[in-house]
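Numbering of the sequence shown is given in our numbering, commencing with residue 11 and proceeding in unit increments.
The beta carbon of each residue, even a glycine, is placed where N, CA and C say it ideally should be.
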Amino acid sequence: METGEERPGLAATLRALNVALGRPASLWVKESSARNLRHRDFLAPRAALGAAFAGGQVPSDVVAAVTALGGPGVLAVRGCRQTAAGLEVRLRRCEAFRRLLGPQPGPGPAPLPGPQAAVVLHCPALRCPGGLTPRRLRPVLLADHLAQLLRAQGLSTFLVPAVTDKRSREVLQQLRVEWPSSSTASPETLSALKQSLSQCHYATHSERGSGVASPPEDIICKVHLKSYVEQHGLEGYDPNLGVLLVTEEKLQSLAELQQAVLQGMAGCQGSCCSVVHIVSCEEEFQQQQMDLLWRILDPGASMDLQKHLVCGPVKVTNPLSPISADHYFQLRKRQMYEASVMKYGELAQDEAWTEVIDILTVAAIRFEMLSTAHRSQITLDLEDSSISTKGTKSGAFVMYNCARLATLFDTYQRAVERGTYPPLPPASELNFSCLREEGEWLLLFNYLLPFPEVLQQAAQLPPPSKGLRVTANTEAVCKFLIQLSMDFSSYYNRVHILGEPFPHLFDQMFARLQLLGAVRDMFHTALATLHLPPLSQI
């Protein structure tokens with residue numbers, strides 16, 4: 011890519027294709043299967059054309075406009091023709107390889123100082139007595155992943171509550187979850203909430219010794235949530251919400267949330283700070299109570315920015331007894347170790363493999379928990395080790411393919427040092443017309459091209475159209491990595507990258523190394539959102 015040339019994007023190309031058709035609605039479909047990509051890259055289906063053009067026939071001047079497509083951020087079109095399937099477009103693939111794999115553009119305009127928005131991610135499961143279980147672990151892993159995605163998009167992110175329980179901290183450290191361990195709530199924030207509660211006309215305070223039964227010592231008062239909901243016309247709340255017994259512990263929880271919001275607003279120059287409560291479906295009712303209590307005690311705050319992201323249940327099949335998150339981790343680790351010994355023999359018993367097996371275990375659990383849409387149920391079969399050790403849909407499979415790339419480049423570098431191959435030339439000198447194998451276009455078109463948008467969309471938290479619940483594409487990165495690993499593995503098994511050291515073969519080898527170097531970097535970037543370091547060996 012020449013200096014200053016904008017990186018082509020999928021969304022920009024689709025927008026340009028729609029403009030060329032002269033229709034406001036999106037008619038184009040991006041092809042993704044190897045079979046269809048042999049013939050076309052984009053298709054406007056015949057049915058859609060029939061609704062947009064008389065008789066479904068696209069005028070010649072429109073076809074010409076599509077064929078002439080190009081410009082900043084847009085992939086150039088090689089040809090456009092109308093077939094029985096619809097209007098088919100093929101891209102200038104060599105140019106696409108050059109623009110995506112060639113020299114990177116120069117630095118863009120200076121970014122605005124500091125983050126422009128902040129998000130507080132709140133996991134009430136970390137306050138539950140009895141420690142972490144697989145059910146409570148799911149929203150925590152989701153929040154940890156979402157925090158990384160949001161930070162990558164430039165948002166300031168805060169995680170609440172602080173984890174004070176030693177056992178829970180140890181489990182989270184094993185799973186490479188980065189979570190604060192000390193609360194930032196100030197006594198002043200708690201005091202302000204108590205003052206607001208004392209003046210709240212939705213609260214009923216019982217005076218001890220007044221002749222009526224006194225509430226338990228830890229109950230401060232009762233707050234009538236249903237009255238508040240009805241008077242303010244709020245939608246989406248459980249109709250069974252009635253009276254909440256307010257305790258010191260509940261006020262402490264709100265104080266910690268309030269403090270995080272204040273920090274978020276201070277860090278982004280007073281811009282909005284949204285709060286996402288990430289809860290299991292079993293905790294949703296209790297969090298709605300806390301949501302309303304916060305609204306009542308701090309009506310001046312931007313409480314309309316509270317969102318509830320609800321995780322589906324986690325079902326454990328045939329458990330002999332309730333299991334903890336630590337037991338779950340140790341079980342998957344033992345399965346990973348046994349599978350590694352079976353595959354690699356004594357090598358897997360070496361001390362150097364201890365960290366490798368730990369990382370593979372974390373990958374297995376994170377993919378098991380995060381590759382399913384957050385609102386759907388997860389079923390954990392603890393006796394089935396295939397989720398952690400075999401199959402193309404496991405985290406171990408993704409890490410294995412990432413390690414294959416590391417091994418490839420390590421082998422190439424050692425060969426360069428021995429004088430077998432010359433060093434990789436600058437990207438501007440590479441001949442991308444050598445990339446003609448269908449797997450190479452698949453890697454570029456299905457993965458490298460849309461990857462920035464996959465990360466962006468996975469971090470989006472659209473406001474609920476109605477009610478409280480928000481839906482996020484938190485499974486997108488795991489699914490992307492699984493599919494990428496399958497297509498990369500197929501290509502790598504089929505194509506010999508480091509061939510014989512003959513000069514006439516170097517152009518193709520260099521172009522392939524440049525492509526796979528970009529794939530490796532993409533693996534690393536995506537895995538970083540899961541707190542998974544790349545492995546150099548398996």
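Give the straight-line distance between the Cα atoms of residue i and residue j, rounded to the nearest whole angstrom.
{"i": "L434", "j": "P190", "result": "43 Å"}
{"i": "V487", "j": "V256", "result": "40 Å"}
{"i": "V87", "j": "K40", "result": "14 Å"}
{"i": "P22", "j": "V289", "result": "Here residue 22 is Ala; the residue named in the question, Pro, does not match the sequence. Roughly 36 Å separates the two Cα atoms."}
{"i": "R25", "j": "I492", "result": "28 Å"}
{"i": "N411", "j": "V324", "result": "28 Å"}
{"i": "E12", "j": "V173", "result": "Model confidence at E12 stands at a pLDDT of 42, short of 50, so the residue's coordinates are unreliable; what they give is reported in the following sentence. The alpha-carbon atoms of E12 and V173 are separated by roughly 49 Å."}
{"i": "G429", "j": "P436", "result": "18 Å"}
{"i": "V529", "j": "L110", "result": "11 Å"}
{"i": "D301", "j": "Q316", "result": "8 Å"}
{"i": "R137", "j": "S178", "result": "10 Å"}
{"i": "E198", "j": "L370", "result": "45 Å"}
{"i": "T214", "j": "I230", "result": "9 Å"}
{"i": "T535", "j": "H234", "result": "48 Å"}
{"i": "H155", "j": "P543", "result": "14 Å"}
{"i": "L185", "j": "A78", "result": "51 Å"}
{"i": "A95", "j": "A374", "result": "41 Å"}
{"i": "Q345", "j": "V351", "result": "10 Å"}
{"i": "Q114", "j": "E105", "result": "14 Å"}
{"i": "S42", "j": "A153", "result": "30 Å"}
How is residue i classed by DSSP in three states: helix, strand or coil?
{"i": "G14", "result": "Its pLDDT being 45, under 50, G14 is placed unreliably by the model, and the measurement read from it follows with that caveat. Here G14 sits in coil by DSSP."}
{"i": "P435", "result": "coil"}
{"i": "T327", "result": "coil"}
{"i": "S386", "result": "coil"}
{"i": "Q296", "result": "helix"}
{"i": "I288", "result": "strand"}
{"i": "F455", "result": "helix"}
{"i": "P55", "result": "strand"}
{"i": "V505", "result": "coil"}
{"i": "R479", "result": "strand"}
{"i": "E366", "result": "A quick correction: the sequence has Val, not Glu, at residue 366. It is helical."}
{"i": "V39", "result": "strand"}
{"i": "A213", "result": "strand"}
{"i": "C488", "result": "helix"}
{"i": "C138", "result": "coil"}
{"i": "C550", "result": "The requested residue 550 does not occur in the structure, where the chain is confined to residues 11 to 548."}
{"i": "D391", "result": "coil"}
{"i": "A469", "result": "coil"}
{"i": "A265", "result": "helix"}
Check this for me: beta carbons of residue i and residue j, under 8 Å apart or not?
{"i": "T327", "j": "L264", "result": "no"}
{"i": "Y457", "j": "M532", "result": "yes"}
{"i": "R414", "j": "Y502", "result": "yes"}
{"i": "E292", "j": "A383", "result": "no"}
{"i": "V271", "j": "V76", "result": "no"}
{"i": "R56", "j": "H318", "result": "no"}
{"i": "G405", "j": "R385", "result": "no"}
{"i": "L380", "j": "L147", "result": "no"}
{"i": "D497", "j": "L452", "result": "yes"}
{"i": "K403", "j": "I367", "result": "no"}
{"i": "C90", "j": "L97", "result": "yes"}
{"i": "F107", "j": "L540", "result": "no"}
{"i": "A157", "j": "G274", "result": "no"}
Can you determine whether any heavy atom of the ligand GDP sits closer than 7 Å to the C-beta of residue i, and answer yes or no?
{"i": "L165", "result": "By its list of ligands, the structure shown contains no ligand whatsoever, and the ligand GDP lies outside what it can speak to."}
For the beta strand (DSSP E) containing residue i, name the first residue and the last one.
{"i": "H337", "result": "Not the beta strand (DSSP E): H337 falls in the alpha helix (DSSP H), residues 335–354."}
{"i": "K232", "result": "229–234"}
{"i": "F89", "result": "Contrary to the premise, residue 89 reads as Gly rather than Phe in this sequence. First-last of the beta strand (DSSP E) with G89: 87–92."}
{"i": "K317", "result": "316–321"}
{"i": "V99", "result": "96–101"}
{"i": "V256", "result": "253–257"}
Does any residue of chain C bring its CB to less than 8 Å from the CB of residue i?
{"i": "I369", "result": "Absent here is chain C; the protein component of the structure consists of one chain."}
Taking residue i as part of the alpha helix (DSSP H), name the residues at either end of that continuous run.
{"i": "K204", "result": "197–208"}
{"i": "F516", "result": "513–538"}
{"i": "F407", "result": "405–428"}
{"i": "H132", "result": "No alpha helix (DSSP H) holds H132; the beta strand (DSSP E) holding it covers 128–132."}
{"i": "S166", "result": "Looking at the DSSP string, S166 is not in any alpha helix (DSSP H); the run it does join, the beta strand (DSSP E), is 166–170."}
{"i": "T77", "result": "70–77"}
{"i": "A64", "result": "Neither: A64 is in no alpha helix (DSSP H) and is coded neither H nor E."}
{"i": "T23", "result": "20–31"}
{"i": "D154", "result": "144–162"}
{"i": "S178", "result": "176–184"}
Are at least three pairs of beta-carbons, each pair with one atom in the segment 232–239 and one in the segment 302–310, less than 8 Å apart? yes
Does the segment 134–148 come into contact with the segment 439–447, if we say contact requires no fewer than three beta-carbon pairs (one atom in each stretch) closer than 8 Å? Taking 8 Å as the limit for Cβ pairs, the verdict is that the segment 439–447 does not touch the segment 134–148.
Counting pairs of Cβ atoms below 8 Å between the segment 336–344 and the segment 500–511, do you hit three or more? Touching, no, given that fewer than three Cβ pairs across the two stretches are closer than 8 Å.
Does the segment 520–528 come close enough to the segment 162–172 that 3 or more CB-CB pairs lie under 8 Å? no
Does the count of Cβ pairs from the segment 361–370 and the segment 199–210 closer than 8 Å reach three? no
Decide yes or no for the touch test of the segment 55–72 against the segment 462–472: beta carbon pairs closer than 8 Å, at least 3 of them. With the cut-off at 8 Å, the segment 55–72 and the segment 462–472 do not touch.
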